[in-house]
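Visitor:
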Amino acid sequence: MKIFNQISEMKAFIREQQASGNAVGFIPTMGALHEGHLSMVKRAAKENNIVVVSIFVNPLQFGKPEEADRYPANMEKDLKSAESAGTHVIFHPDVMEMYPEGYKTYIEVKEISDVLCGVKRKGHFIGVATVVLKLLNIVHPDRAYFGQKDAQQAVIIKQMVRDLNMDPEIIVSPTIRENDGLAMSSRNILLSELQRSNAAVMYRSLKKAIELVNKGISDCCRIKSEMEQILTNQANAEVEYISIVEAESLKEVKKIQGKVLVAVAVLFDSIRLIDNVTIEV
Ligand code: AMP
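Mapping the sequence shown onto the numbering used here, position 119 (from 1) lands on 119, and the numbers just tick up by one.
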């Protein structure tokens with residue numbers, strides 16, 4: 001497995017690979033890799049000749065610089081797990097390589113960046129869209145993989161790629177969960193044992209929504225209030241939002257119709273976790 005820190009060497013490698021007809025699959029990550037990331041690496045290895053994983057904790061998408069500094073990191077373990085899942089190249093630039101002195105360009109995908117996580121995390125999706133656009137320009141993959149776990153991010157990236165006539169095919173991969181249903185996340189490492197077991201309540205609330213829809217209930221107020229009851233009954237869980245939106249436009253819906261996204265953000269003390277399910281009727 002090759003490790004590139006420089007944009008120029010990453011680009012040169014890809015140019016060579018694509019000139020010899022190799023398809024490139026790309027998985028952007030912030031490291032602290034888990035099975036959620038690795039499931040996409042394994043899929044990309046089946047669908048492409050070359051698999052590139054980027055590991056870059058993007059300071060632009062954090063509200064405060066300290067949050068980026070506190071982000072979990074374990075490079076040695078990441079390299080081992082990425083390689084055994086089928087990665088050929090790790091792209092690991094530093095902040096100055098990505099945002100050198102004098103950097104001035106930012107990408108804003110309007111409206112869909114201002115709902116759900118965008119309400120409290122102002123500017124977060126400008127940071128996400130900007131780094132993903134840069135990474136897609138640098139790696140120029142045939143296919144780029146994103147997790148359904150960050151559903152809003154995936155919708156925003158698909159919109160950006162469509163709007164800016166970019167080449168990569170965007171593939172959204174299913175959420176990988178722990179045995180108790182908690183969505184895998186690099187942030188889960190930050191949870192205490194108690195917080196970790198409490199956090200399973202998020203998926204229980206999402207399963208409640210599925211159960212109610214299966215019973216024929218389509219009123220979103222009713223569904224959200226039953227979900228809220230489950231979440232607020234859990235000690236130390238502070239609900240940031242419970243939303244039911246159209247899966248593509250991310251517009252709030254009153255009744256479940258077509259394909260919807262049921263999404264939650266919950267704080268366990270100061271650790272913020274998100275999760276979602278899609279429901280189609
Ligand atoms: P991150 O390193 O958290 O920025 O995530 C990198 C990519 O992995 C994003 O596309 C995430 O949506 C995806 N991802 C994170 N957690 C999971 C999960 N549990 N299942 C599937 N994909 C995930």
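For each residue, glycine too, the CB sits at the ideal point set by N, CA and C.
All figures in this text were calculated on a predicted structure; none of them were measured in a lab.
1) Do you know whose CA, among His92, Arg121 and Leu33, lies nearest Leu135's CA?
2) To the nearest angstrom, how far is the alpha carbon of Gly21 from that of Phe146?
3) Apart from the five residues just before and just after Ile171, which ones in its own chain have a Cβ nearer than 6 Å to its Cβ?
4) Which same chain residues, not among the five before or five after Lys224, have their C-beta less than 7 Å away from its C-beta?
5) By the DSSP assignment, the beta strand (DSSP E) with Tyr203 in it spans what residues?
6) For Ser20, which three-state DSSP category applies?
7) Need the endpoints of the alpha helix (DSSP H) that Asp69 sits in, please.
8) Apart from the five residues on each side of it in sequence, which residues of its chain come closer than 8 Å, Cβ to Cβ, to Arg177?
9) If you draw a straight line from the alpha carbon of Ala12 to that of Thr175, how long is it in whole angstroms?
10) Please state the DSSP three-state secondary structure of Ile112.
11) Please return the same chain residues whose Cβ sits closer than 7 Å to the Cβ of Asp219, not counting the five positions on each side in sequence.
12) Is any heavy atom of the ligand AMP found at a distance shorter than 7 Å from the C-beta of Phe146?
13) Whole angstroms are fine: how far does the CA of Ala265 sit from the CA of Asn276?
14) Might you give, ordered along the chain, the residues of its own chain that have their beta carbon closer than 7 Å to the beta carbon of Glu228, omitting 5 neighbours on each side?
15) Shortest alpha-carbon distance to Asn49 belongs to which of Asp69, Val24, Lys64 and Thr29?
16) On the DSSP bridge list, what partners appear for Val52?
17) Do three or more CB pairs link the stretch 103 to 113 to the stretch 157 to 170 at distances below 8 Å?
18) With respect to the beta strand (DSSP E) encompassing Arg121, which residues constitute its N-terminal and C-terminal limits?
Guide: Concretely, from the data shown:
1) Taking the first residue of the sequence shown as position 1, residue 135 is located at position 135. Comparing Cα-Cα distances from Leu135 to each of His92, Arg121 and Leu33, the minimum goes to His92.
2) The residue you call residue 21 lines up with position 21 of the sequence shown. The residue you call residue 146 lines up with position 146 of the sequence shown. So the two alpha carbons sit approximately 24 Å from each other.
3) Here residue 171 refers to the residue found at position 171 when the sequence shown is read from its first residue. If we look at Ile171 and ignore the five residues flanking it on each side, its Cβ neighbours are Arg143 and Tyr145.
4) In the sequence shown, the residue the question calls residue 224 occupies position 224. For Lys224, where only same-chain residues beyond five positions count, the Cβ hits under 7 Å are Ile242 and Ile244.
5) What you label residue 203 is simply residue 203 of the sequence shown in a count that begins at 1. In the DSSP assignment, Tyr203 falls outside any beta strand (DSSP E) and within the unbroken alpha helix (DSSP H) covering Val201 to Asn214.
6) The sequence position of residue 20 within the sequence shown is 20, counting from 1. DSSP places Ser20 in coil when its eight states are reduced to three.
7) Indexing the sequence shown from 1 puts residue 69 at position 69. It spans Pro65 to Arg70 - the alpha helix (DSSP H) in which Asp69 sits, taken as one unbroken run.
8) The sequence position of residue 177 within the sequence shown is 177, counting from 1. Closer than 8 Å at the Cβ level, and outside the excluded window around Arg177, lie Ala183, Met184 and Tyr203.
9) The residue given as residue 12 occupies position 12 in the sequence shown. The residue given as residue 175 occupies position 175 in the sequence shown. Straight-line Cα distance between these residues: approximately 33 Å.
10) Your numbering for residue 112 matches position 112 in the sequence shown. Three-state result, Ile112: coil.
11) Within the sequence shown, residue 219 is the residue found at index 219, counting from 1. Only Lys255 meet the Cβ criterion.
12) Indexing the sequence shown from 1 puts residue 146 at position 146. For the ligand AMP, at least one heavy atom lies less than 7 Å from the Cβ of Phe146.
13) For the purposes of this step, residue 276 is taken as residue 276 along the sequence shown, with counting starting at 1. For the purposes of this step, residue 265 is taken as residue 265 along the sequence shown, with counting starting at 1. In a straight line, the C-alpha of Asn276 is about 9 Å away from that of Ala265.
14) Translated into positions along the sequence shown, residue 228 becomes position 228. Same-chain partners within the cutoff: Val239 and Ile242.
15) Translated into the one-based positions of the sequence shown, residue 49 becomes position 49. Measuring from the Cα of Asn49, the nearest candidate turns out to be Val24.
16) By one-based count along the sequence shown, residue 52 stands at place 52. Paired residue(s): Phe26 and Val89.
17) yes
18) Residue numbering aside, residue 121 sits at position 121 when the sequence shown is read from its first letter. First-last for Arg121: undefined, no H or E at that position.
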